[in-house]
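If you use our numbering, the sequence shown corresponds to residues 157 to 865, in order.
Beta carbons: idealized from backbone N, C-alpha and C, even for Gly.
Input: a single structure, listed below in structure tokens.
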Amino acid sequence: MNEMPAIAPVIKRNFWNALLAFTAVVGGSYAYLKMTPPVYEGSVRLILDDQRLSVSELGQAIAANPTPGNANPIATQAELIASERVLKQAALLLSTSELDEKAPEPGEIASALKVKIVPATNILEVYYTNRNPKVVAAVLSAISQATVQESGESIRQQASSVRQFVEARVPRQQEMLERAELAESQFKEANGIVALDEQDKNLVNSLSVVEDQARTLSAQLSEAQKKNGQLQGIIGVNNVETAYITSRAGQDEELKALRGKLTDLEAQVIDARSRLGDQNPELLALVQKRDETRAFYSQSLVRVVPNSSSVSSKSLATDDLSRGLIATYITGAVEQNALLEKLRALRGQQEPLRARLASLPAKQRVLSSLDRKREQEALTLKMLQSKLEEARIAEAQLISNVRVIGQASVPSTPANPKPAVALILGLAAGLASATGVILLGELLNTKVGSSSEIEDQLKLPVLGILPRRLPLQPSQLNGFLNNSAAVEPYRRILKTLELSNKDSLKSILVSSSTAGEGKSSVAAHLAIVAAMMSRRTLLIDADLSHPLQHHFFGLSQQPGLTDVVSESAPLNSVVQPTTIANLSVLTQGQWLNRPAQVLEADAMKALMQTVANDYDLVIIDTSPVARFADAMTLSEYTDGVVLVVRPEFTPKAAALQSIADLERSGAKILGAIVNPTPDPLRVDRSPSSPSPESADKLLPHPSSLPSSV
């Protein structure tokens with residue numbers, strides 16, 4: 157929504173050029189419709205039928221239209237329809253039909269023929285265009301008929317080729333089968349083979365049984381070894397012999413009594429040592445008795461269990477639990493040895509069986525090869541005999557893999573040109589052309605845009621937008637003030653300047669970038685409205701190249717500004733009152749050959765200081781910035797500069813350059829006033845023959861200038 161105000165003036169500026177471009181394009185579309193002869197288009201629909209219409213498998217395979225290299229059958233058929241062979245056949249069929257004109261040649265048909273594939277189907281759409289609708293229907297009918305005939309002929313030719321090949325191959329295959337049967341029979345007779353396969357099968361079964369038994373024994377042996385290992389850790393022995401010695405020694409009664417006696421003696425020795433000390437005779441006697449008993453126990457142990465020197469008395473199985481664990485361990489060790497012997501025996505049986513299986517007679521392999529060859533030759537002969545019958549049937553049948561599913565009819569309406577499409581495209585192209593003209597016009601436009609665009613283009617605040625008005629006349633001054641609608645825009649500008657500047661504005665310089673922007677008229681109206689607002693106002697006409705203020709107020713041009721600065725007349729006698737209360741005007745004065753000298757003089761600066769003190773507001777009308785440096789000079793003596801901009805007239809480059817020049821000179825630019833009305837008779841001129849006195853007159857020192865009105 158915010159872009160609409162900016163778009164509207166752009167369209168308005170380029171409206172007539174855009175309308176001309178739009179009209180030309182749409183008119184061209186209409187002329188095209190009227191001048192282009194009608195062309196008719198028709199279509200016929202064909203389907204690449206995958207239904208197996210042949211009674212033989214070979215005919216079905218040929219009708220399926222296989223293509224090498226994984227090509228797309230429907231795309232291949234589309235190319236065949238546009239092939240020279242099909243088009244020649246269609247032209248031949250057309251030559252026998254009844255047409256009002258000469259039948260088209262194959263080349264003419266090809267140039268106007270289009271074949272399209274309906275997506276995700278096996279359907280082809282054939283399109284043909286011609287100026288005669290009857291020719292369109294006849295050509296499409298001939299093409300569809302020729303395509304069906306060509307497909308059927310292709311299938312019959314393929315079937316004939318297959319039949320000829322198979323007929324030549326069957327006798328040779330019969331001979332090869334007879335040779336294979338004879339070779340197999342001779343080999344069996346020579347080697348006395350009856351049922352060799354059954355024997356080999358029994359051998360394999362035997363080896364499998366032995367291997368299963370070996371695996372079972374191996375698992376049992378592993379379990380027994382694990383169990384015996386755990387018992388060894390519990391009873392503290394590592395072989396059967398040690399376990400037996402431990403159990404036997406623990407069961408002897410004599411040894412058991414000696415172990416009890418030794419235990420008592422050990423207790424007595426410990427008690428005596430604690431009571432009597434190490435050298436007491438009673439302790440020494442107990443120690444000697446203990447050692448004698450221990451020696452006797454060792455002799456008795458050797459007597460009871462020979463080879464028991466490695467067994468300590470602590471490891472003997474003296475209780476029932478230990479003796480039971482040792483008995484279990486001995487039994488498990490015996491079973492483990494038995495399992496190991498069985499496993500060795502089975503493994504001894506495996507090797508001969510494997511050797512026999514690995515050394516199967518070479519005659520078995522030869523016999524198998526001869527048998528496979530015989531079976532292959534028999535299957536090949538059977539297949540060839542079957543294909544021969546199928547080829548004969550397919551060759552005799554009239555089949556085709558292409559069917560017509562949509563007959564061609566005589567088109568009733570032309571396909572081209574289409575009025576609706578042409579007009580829509582013409583309108584779209586016209587709009588595009590009009591848009592292009594507008595864009596091009598904007599690119600080539602060097603003027604400042606509308607009032608809504610000036611602020612963005614010049615980067616200046618817009619103080620106000622003035623309405624279009626008639627040139628200001630002396631007789632219309634009071635009438636202007638009585639028209640509130642005309643006064644309010646200027647009053648709003650003055651209030652905007654007053655509120656936007658904290659410091660009081662005593663003097664305002666009004667200028668423009670170029671001539672013809674109405675800045676003199678704007679300055680005059682601002683001065684009139686300021687006076688109406690009870691502000692003592694002085695309007696100075698400093699546009700020495702084209703003064704207009706004396707015309708607006710019906711005043712005398714001379715004497716004026718140049719006379720005051722050149723000391724030809726005092727200020728109070730030169731300032732002229734107007735019919736508007738509180739408003740006085742300082743006109744240009746006499747023409748000078750070098751007007752810039754007046755504005756650059758120190759007396760001009762002194763004059764500006766004087767009038768700023770004597771009036772509430774001083775408005776200065778000066779020359780355009782782009783052609784004269786007057787505005788840059790006078791901006792040093794004023795509180796701010798107001799630029800008058802005329803939309804669609806002011807050159808954008810000149811306006812930007814003027815702003816840059818003023819900013820470089822240190823001027824304070826207050827803003828821009830959008831004014832659509834030019835000044836009357838806006839032609840820059842200078843006096844053709846100024847008086848020698850005025851041309852050579854020297855400007856006085858500022859101290860000689862009067863200080864009051």
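- Rounded to whole angstroms, the gap between the alpha carbons of A585 and L812 is 37 Å.
- Residue pairing from DSSP places E281 in a beta bridge opposite R201 and K272.
- Residue burial is scored here from C-beta neighbours: E644 has fewer than 16 other C-beta atoms within 10 angstroms and is therefore classed as exposed.
- Under DSSP, A698 shares a beta bridge with T778.
- The continuous alpha helix (DSSP H) containing L189 extends over residues F171 to M191.
- Within the DSSP secondary-structure output, I825 pairs in a beta bridge with V797.
- Per DSSP, the beta-bridge partners of L739 are T693.
- Here P617 is exposed. Its C-beta has fewer than 16 other C-beta atoms within 10 Å.
- Taking C-beta atoms under 8 Å as the contact rule, L502 and V326 fail to qualify, at a distance of about 58 Å.
- Looking at R783, A782 and A787, the one whose alpha-carbon comes closest to that of I776 is A787.
- Each residue's CA atom was taken as its position, placing R241 and R530 some 48 Å apart.
- A distance below 6 Å between beta-carbons, with the five flanking residues on each side excluded, links A246 to the following residues of its chain, in chain order: A298, I299 and A302.
- Rounded to the nearest angstrom, the gap between the Cα atoms of R783 and R624 is 26 Å.
- S668: member of the beta strand (DSSP E) spanning S663 to S668, first to last residue.
- Where R559 is concerned, the enclosing beta strand (DSSP E) starts and stops at V558 to G562.
- In the DSSP assignment, G263 falls within the alpha helix (DSSP H) that extends over P262 to S267.
- One alpha carbon belongs to F343, the other to R521, and they sit about 12 Å apart.
- An exposed status is given to R328, since fewer than 16 other beta-carbon atoms sit within 10 Å of its beta-carbon.
- Just measuring C-alpha positions, the residue of L176, G183, N173 and F171 sitting nearest L581 is G183.
- V731 carries a coil assignment under DSSP once its states are collapsed to helix, strand and coil.
- Residue state for V618 is assigned as strand, using DSSP reduced to three classes.
- Burial check for A809: the Cβ neighbour count within 10 Å stays below 16, so the residue is exposed.
- No Cβ-Cβ contact shorter than 9 Å links S667 with T743.
- The three-state secondary structure of L704, taken from DSSP, is coil.
- Pairing L755 with L695, the inter-Cα distance amounts to about 16 Å.
- Taking 9 Å as the cut-off, the beta carbon of T449 is found closer than this to the beta carbon of L418.
- With a 10 Å radius around the Cβ and a threshold of 16 neighbouring Cβ atoms, N572 comes out exposed.
- Looking at the DSSP output, Y453 sits in no beta bridge, so it has no partner there.
- Spatial neighbours of V797 in its own chain (CB-CB distance under 7 Å, excluding positions within 5 residues in sequence) are listed in chain order as L665, S667, A787, S791, L818, A823, K824, I825 and L826.
- Judged by DSSP in its simplified three-state form, N769 adopts helix.
- Per DSSP, the beta-bridge partners of N286 are Y196.
- If you ignore the 5 residues before and after R647, its C-beta comes within less than 6 Å of the C-beta of V685, all in its own chain and listed in chain order.
- By the neighbour-count criterion, in which 16 or more other beta carbons inside 10 Å mark a residue as buried, L338 falls on the exposed side.
- Looking at Q376, A268, I273 and V200, the one whose alpha-carbon comes closest to that of V304 is V200.
- Contact between D772 and T833 fails: their C-beta atoms lie close to 27 Å from each other, not under 8 Å.
- In chain order, E340 place their CB closer than 8 Å to the CB of D527, counting only its own chain and leaving out the 5 sequence neighbours on each side.
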